[in-house]
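4 protein chains.
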Amino acid sequence: MANIVVKKLNSTPIEELPVEIVERKGIGHPDSICDGIAEAVSVALCKMYKEKMGAVLHHNTDQVELVGGYAYPSLGGGDIVNPIYVLLSGRATTEVFDKEKCETIRLPVGTVAVNAAREYIKNTIINLDVEKDIVVDCRIGQGSVDLVGVFDRENSIPLANDTSFGVGHAPFSTTENLVLKTEQLLNSKEIKKEIPAIGEDIKVMGLREGKKITLTIAMATVDKYVNSVEEYEEIKAKAKAKVEELAKEYADGYEIEVFVNTADSDNCIFLTVSGTSAEMGDDGSVGRGNRANGLITPFRPMSMEATSGKNPINHIGKLYNILANIIANDVAKIEGVNECHVRILSQIGKPVNEPKILDIELITDEGYDVADIEPKANEIAEYWLNNIEEVREKLMTGEIKTF
Amino acid sequence: MANIVVKKLNSTPIEELPVEIVERKGIGHPDSICDGIAEAVSVALCKMYKEKMGAVLHHNTDQVELVGGYAYPSLGGGDIVNPIYVLLSGRATTEVFDKEKCETIRLPVGTVAVNAAREYIKNTIINLDVEKDIVVDCRIGQGSVDLVGVFDRENSIPLANDTSFGVGHAPFSTTENLVLKTEQLLNSKEIKKEIPAIGEDIKVMGLREGKKITLTIAMATVDKYVNSVEEYEEIKAKAKAKVEELAKEYADGYEIEVFVNTADSDNCIFLTVSGTSAEMGDDGSVGRGNRANGLITPFRPMSMEATSGKNPINHIGKLYNILANIIANDVAKIEGVNECHVRILSQIGKPVNEPKILDIELITDEGYDVADIEPKANEIAEYWLNNIEEVREKLMTGEIKTF
Amino acid sequence: MANIVVKKLNSTPIEELPVEIVERKGIGHPDSICDGIAEAVSVALCKMYKEKMGAVLHHNTDQVELVGGYAYPSLGGGDIVNPIYVLLSGRATTEVFDKEKCETIRLPVGTVAVNAAREYIKNTIINLDVEKDIVVDCRIGQGSVDLVGVFDRENSIPLANDTSFGVGHAPFSTTENLVLKTEQLLNSKEIKKEIPAIGEDIKVMGLREGKKITLTIAMATVDKYVNSVEEYEEIKAKAKAKVEELAKEYADGYEIEVFVNTADSDNCIFLTVSGTSAEMGDDGSVGRGNRANGLITPFRPMSMEATSGKNPINHIGKLYNILANIIANDVAKIEGVNECHVRILSQIGKPVNEPKILDIELITDEGYDVADIEPKANEIAEYWLNNIEEVREKLMTGEIKTF
Amino acid sequence: MANIVVKKLNSTPIEELPVEIVERKGIGHPDSICDGIAEAVSVALCKMYKEKMGAVLHHNTDQVELVGGYAYPSLGGGDIVNPIYVLLSGRATTEVFDKEKCETIRLPVGTVAVNAAREYIKNTIINLDVEKDIVVDCRIGQGSVDLVGVFDRENSIPLANDTSFGVGHAPFSTTENLVLKTEQLLNSKEIKKEIPAIGEDIKVMGLREGKKITLTIAMATVDKYVNSVEEYEEIKAKAKAKVEELAKEYADGYEIEVFVNTADSDNCIFLTVSGTSAEMGDDGSVGRGNRANGLITPFRPMSMEATSGKNPINHIGKLYNILANIIANDVAKIEGVNECHVRILSQIGKPVNEPKILDIELITDEGYDVADIEPKANEIAEYWLNNIEEVREKLMTGEIKTF
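If you're matching them up, the sequences are chains A, B, C and D in order. Going by my numbering, the first residue of the first sequence is number 41, and it counts up by one from there. Going by my numbering, the first residue of the second sequence is number 41, and it counts up by one from there. Going by my numbering, the first residue of the third sequence is number 41, and it counts up by one from there. Going by my numbering, the first residue of the fourth sequence is number 41, and it counts up by one from there.
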């Protein structure tokens, strides 16, 4: 296709840059909680639409605002005093109008959304009691659609909802990889079993200077599992040791320095009742944390678009960010590709598989020429444009992560 | 005591009036749901305060607003489309300040309130799924108190919070009794087991004209237990029969006519998903339904004060309404008393057991003189003023009903 | 009509009862603010419906919840720290469906309601700055109607929306009259000009014992007009003097005692920034204060139904309470009538001018017989049942007060 | 300072890249409205804190959620049917505790915030009636601080609140400049006077391919100034002409193509009542639109941090993004600098003028050496680190734009 552009990027590879900064907000960070809820709501709506109408109807539930609660953590176990408040908004199809019968079919959007959000929180922040510690409110806007439109649309390629773009890159640098794996380790089921005091609100900031990586970790602890300051220090030490071990595997050859909860002082440690700072005044929003690849990478191209909660049918802000990452990953596997950046720009009203431009930038390994790689890269891009349905299916089942 | 007044009421006894109107909003009526939540929140706060501070602290949670949801009931089972929204407000002590240590103790008011409300709904509206069909939000205001005050107060008689009054009467008339029992029967566990299609939203309106009582019952049905209009009619018929049977016991000698869901038409029957009209746009508020004795009785003196949700320590609107009913009931048992009305007026800032006036009106049976009854009535009133603590304890455990 | 019943009430006239209690919550009391907003919203919706559709469409906006703010009043002028929160709910017709054109007309319910509420507050609580001191939120539920139905309905008599009743009495007793006039005086434009420090939140409690009337007044003051405790005491003294003067006119021959802000103590006076306790944690709700006649009268029959905010077309809770008061007032003017109580009970689904029963109780002056009065009373009742439209018009323009 | 790093960036200058994408969300875009409100609230709180306490106290009001309303625009003038809902959250100091006097000073955070938001909207979206078309709600969390701390802090350098970073670049490319100027032109007072039909919700997407720039503009129109589809087309044509003229000035030598409202179809044009899509279901959030420099630039390094609404004293997410842009701009003026990227990484708990790393990347013009530029760049960076107070002052007066 004419609008796929593959070109050489004249730039120093990321690993050779003297400095690199990478951040990941863990699943219990207030911003990530919002991303997770938004996506859980979209997945649940897709399921409901499929069951009730046989097709996924229009929705964008990429607006979740979390207003922090008020807590009184205490060694050995404290109290959440005011619940966290979560506002679901966005828009969804609540009515399908059957012109033939002049009848309206109403769809349970509000209840499905509230339920999905509560379930998600229950499964994600395991020490939060959803029956008392959180209020999930819903102001999702209404939308209606003609029954005829629903089935027509099923059989054609959806049209881009906006003039917008998606961005992706591959492969991950050592620092990127390490930052991601660090959070995943500390939030793994195994660690929670071994060290239940580690909460889900974990932020990892990685700074690479030459061959030295500094990991600064802010990690909430759960007060009922921490009986003394000594225990608290032990937990931090254990977490630090686990991460240092991990670094040996993922950043072999680098000097590693790990800091856990550096802001601690005599009268202030990162103690929570529930494992997330959302309990105590830390607010959150969709789309302000990790990008679609799970990271924040100021030395890489990024998109501002929130991926979570958008409909997987025609929302460019979701589809093109996911696609850009998938394409970048596949292209990066081509021999000779050192680094790959993908950007896809839509045209509002055109089929989603016909972007205005799909731009692939490559840093090649020595001895390789972009001209040789181009046909393969082109093929990959075309493949995915033609198989967006595959991506969509994985989004609808929650198989592809969006934050 | 000088401020207890016992006097003859020169009035026709209620049973001899040609007309009488009595109403009861059942536990699933939106207004009653609010009353029930308000009281459940107060009971839960009392318990928490006792546990945490050894004394019940100030609170008034007599403000609950229920905004109806949106539902799509359907024979055989429909959907709630938008959840019911419940706003808890009012005020409670959230902080105790320990001046000696210059330290603040924070109390989990918001979370306890939300939890109590959710539990209450779960146990009361059994076909409502609290994980999806309802949002319980909380804007209960903060209050603080000095630690010293808490313990001082424990040992003295509380002072009236307001210039206000309470009203009660006894005994119940035949119509009053029948209306109350009708709702209690239709909302009994036994009936729910036998006829699960009967929802909790039941409003009973009783009109007595001479010796004829007409009961007009609006009774929600639960759609998943109603598969056809025929079944619906059968359920109505069964309910009608049950009530007619009940009337034989409680209104022997009266002509009884029972109407169930008279507003039904070909295209509109009282079908709900959850058993309450709150699911479909019927809003509710505290204090707009039943009085403290469980009834609305326009032929009797009534108080406007909401009883539910108020603190049982010094809130006149709660204490004096409950007291007035208790005293009226005891006085009504004195030989020769045909009917008894009690009104108690407080003086703000004076001990709650020293009302400005405690007014007892009596209709006596033939051959009895108020002068003979007065000493006994006086004694009863004094007894209860001196034993308010007993009333309070029963309120705090939920033993005394407030609506 | 057969269903109008006029009968003798065998009861002591109110003025001869040894004790009488009467209360009025002034226009700035949180409950009255809610009543006022609810009614203002209904009046505005009626106007909008008339303009847009040529007919008043269905609505009931009798649900307003006011959550008190947080203020820091101070002699000479303090601050409101957190705004008052007002939630409009209830239900209104938001869509008219034109079946012929298969088109939906949408009506600006939410914006009209918010606007009406804000305007009402601005005009009523003159020291409250609606741009910062109050949040007016709206969760009024949606409703739709067929265009055909709208015009059909215009030309027929509306059907009762519920099985419910209205209650009224006349004439006002001396105490009732005095309590009403006291609040109206203190909230008159003249007094606000003369003594700007007097706020709108004024509660008057009247207790009559024999020929002695005690008026207990709780009256908010506006801090920017009160520079010292001395000034505060002067304002109270002036208000007291005004009321005592008024009592000479309206309760001639009675011993009068007036108390203003009896709960004041050294460290607590009734000082506010805005003139209403709503600024500092006092919540309010529709229908919990004054009845349709402006008073709370536990020695009189009352209805629990909120009158304010209900639609004036077919809502019994509004129409029958207003009608009962109008009829009672007219009947009370018939020679020989000492006291008149009116109760009207509806039948759901029947025309509003065909109540199930319209019950008129009369206490007659000596020498008069109910039989002589009955035809005139009957005529009055029939007149008003046939001229409900007149009542409706006055409700729609706000000419009839509802609280 | 040792932690300032200046180094050569081995990369193709932006202007030589074959493709470039740049976006700006205009001031009336829902996301920008949220950014603007958040910043207006912070500016107002700074002012209030200064006035009341002599120092800016801690706050972060970078959480604003806008839930779109529901409107019914119509040629010649339609209606907003449901108001827009705006939720202010975040956190601010509401209490200052004076330990010496054991007294608490309360600060009017909620009312100041609501007022600032309403004022901002009134001045920004000129066709929106804040008295009816918008609800501004507030759940800003509370915070308290010791009086002593306030004054101590005044005289020392604030400590970084978080481990986070800021990013900036300069100079703007031709496309960046053109995109920014296009929105500013269409939202200028002059244009609004000349073509009042142009609303504030304007999104400009710029795509440069070689020497061709395509500007895709989504521009809301205000229905009361648009009487027919013909007029609508004229307005679009006028706007297009204005932008083409502008492009001659700012992108001389480029081929320019301008599209206005390409998504228009026969039955759907971009017509609004108020000039913003927020009226009809388009939601918004802080930090999801423009970066601190006013643009979204996926071909440039970016930070995810929301700048608007954060406190200007010690919040890295605000200060370092602003600083990075200021430093980049100054460095870009040094002779020989073609392009400059600045990234600043904080250390939580360290003085804000001592970042962990301040990284300056330079693309130099031919014939220039980074070594020669480094001392000047260093000096600029040091100057600004030492003069953060100057930046802060400009933020507090609203002189520096944050989105």
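Built from N, CA and C at the ideal position, the CB exists for glycine as well. Since the model is a prediction, treat every value here as computed from it, not as a measurement.
query, result
"Proximal residues of chain B, C-beta to C-beta of Ile61 (chain C) below 7 Å", "Phe205, Arg383 and Leu385"
"Within 9 Å, strictly: CB atoms of Leu199 (chain C) and Asn354 (chain C)", "yes"
"CB contact check: Leu359 (chain B) to chain C, cutoff 9 Å", "no"
"Helix, strand or coil at Met320 (chain B) according to DSSP, with G and I counted as helix", "helix"
"Three-pair Cβ contact test at 8 Å for the region 387–394 of chain C versus the region 199–209 of chain C", "yes"
"Under 7 Å by beta carbon: chain B residues contacting Asp399 (chain C)", "Val59"
"Within 9 Å, strictly: CB atoms of Val382 (chain D) and Val176 (chain D)", "no"
"Residue from A:Arg328, A:Glu249 and A:Thr101 whose Cα sits closest to the Cα of Asp75 (chain D)", "A:Arg328"
"Minimum C-alpha distance to Ile309 (chain A) - residue among A:Leu57, A:Pro70 and A:Leu115", "A:Leu115"
"The region 128–142 of chain A: positions lying closer than 8 Å to chain D by Cβ", "Ser129, Gly130 and Arg131"
"Local Cβ density within 10 Å of Asp71 (chain C), reported as buried at 16 or more and exposed below that", "buried"
"Own chain residues within Cβ distance below 7 Å of Asp292 (chain A), not counting five before or after", "none"
"Residue environment, Gly66 (chain A), which counts as buried when at least 16 other CB atoms sit within 10 Å", "buried"
"Tyr110 (chain B) at chain C interface by Cβ criterion, 9 Å", "yes"
"CA-to-CA distance, Gly181 (chain B) to Glu429 (chain B), given in whole angstroms", "27 Å"
"Chain B contact residues for Lys172 (chain A), given Cβ-Cβ distances below 8 Å", "Thr151, Val152, Val154, Asn155 and Arg158"
"Segment contact, 8 Å Cβ cut-off, at least three pairs: the region 97–109 of chain A with the region 124–139 of chain A", "yes"
"Nearest candidate by alpha-carbon position, reference His98 (chain C), set C:Tyr160, C:Thr133 and C:Asn155", "C:Thr133"
"Supposed contact pair Gly246 (chain C) and Leu218 (chain C) - C-beta distance, whole angstroms, cut 8 Å", "6 Å"
"Residue-chain proximity (Pro19 (chain D), chain C), Cβ-Cβ < 9 Å", "Since the first and last residues shown for chain D are 41 and 443, residue 19 (chain D) lies out of range."
"Any chain D beta carbon closer than 9 Å to Ile367 (chain A)", "no"
"Pro123 (chain B) beta carbon less than 9 Å from that of Ile174 (chain B)", "yes"
"Helix, strand or coil at Gln224 (chain B) according to DSSP, with G and I counted as helix", "helix"
"Neighbouring residues, chain C, relative to Pro148 (chain D) (Cβ below 7 Å)", "Asp119, Ile120 and Val121"
"Spatial distance of Glu63 (chain A) from Thr164 (chain A) (CA atoms)", "20 Å"
"Contact set for Tyr408 (chain B): own chain, Cβ-Cβ below 8 Å, skip 5 residues either direction", "Glu375, Gly376 and Val377"
"Inter-stretch contact at 8 Å, needing at least 3 Cβ pairs: the region 332–343 of chain B / the region 334–354 of chain C", "yes"
"Partners in chain B for Ala346 (chain C), counting only beta-carbon separations shorter than 7 Å", "Arg328"
"Spatially closest choice to Glu79 (chain A) from A:Ser314, A:Ala364, A:Asn365 and A:Ser325, by CA coordinates", "A:Ser325"
"Residues that DSSP places opposite Asn122 (chain B) in a beta bridge", "B:Tyr110"
"Cβ pair Asp241 (chain C), Thr316 (chain C) closer than 9 Å", "yes"
"Where the beta strand (DSSP E) containing Asp241 (chain D) begins and where it ends", "Ile238 to Glu249"
"Per-residue DSSP class, three states only, for Lys87 (chain C)", "helix"
"Cβ shell of Ala346 (chain D) (< 6 Å), same chain only, five flanking positions each side left out", "Asp102, Val326 and Gly327"
"Nearest candidate by alpha-carbon position, reference Leu57 (chain C), set B:Glu401, B:Leu363 and B:Val410", "B:Glu401"
"Anticipated Cβ contact below 8 Å, Val83 (chain B) with Met436 (chain B), distance rounded", "6 Å"
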